[in-house]
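Remarks on the structure that follows.
Residue numbers (the numbering used here): 1 to 85.
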């Protein structure tokens, strides 16, 4: 499931930062792509609209977070039982 989530995220992120998909390294920290608050806000809104996952804004802006790390977070959130969410 994580690979499918990562592929969706990578496509959306690529379009947000106007970079070809094959140039997006899922291990690179998002701020390294020039992510600012506007892009982070749009990406966060997409997470909720597409996946119904509330990704904290600071996760997207963090220099320690990559697409791969965020995909893990999304998968863990989706897999939680409803009472734990």
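Where a beta carbon is used, it is the ideal one built from N, C-alpha and C, also for glycine.
Run the CB neighbour count on residue i, radius 10 Å, all protein chains shown included, and call it buried at 16 or more, exposed below.
| i | result |
| --- | --- |
| residue 19 | exposed |
| residue 9 | buried |
| residue 65 | buried |
| residue 21 | exposed |
Does residue i come out as helix, strand or coil in the three-state DSSP assignment?
| i | result |
| --- | --- |
| residue 66 | strand |
Quick check: the Cα distance between residue i and residue j, rounded to an integer number of angstroms?
| i | j | result |
| --- | --- | --- |
| residue 38 | residue 55 | 15 Å |
| residue 1 | residue 23 | 23 Å |
| residue 69 | residue 16 | 18 Å |
With distances taken between CB atoms, is the gap from residue i to residue j smaller than 8 Å?
| i | j | result |
| --- | --- | --- |
| residue 43 | residue 73 | no |
| residue 5 | residue 71 | yes |
Any heavy atom of the ligand GDP closer than 7 Å to the Cβ of residue i?
| i | result |
| --- | --- |
| residue 40 | Although the ligand GDP was asked about, the structure shown includes no ligands whatsoever. |
If we count Cβ pairs, one from each stretch, closer than 8 Å, do we get three or more for the region 29-48 versus the region 60-77? yes
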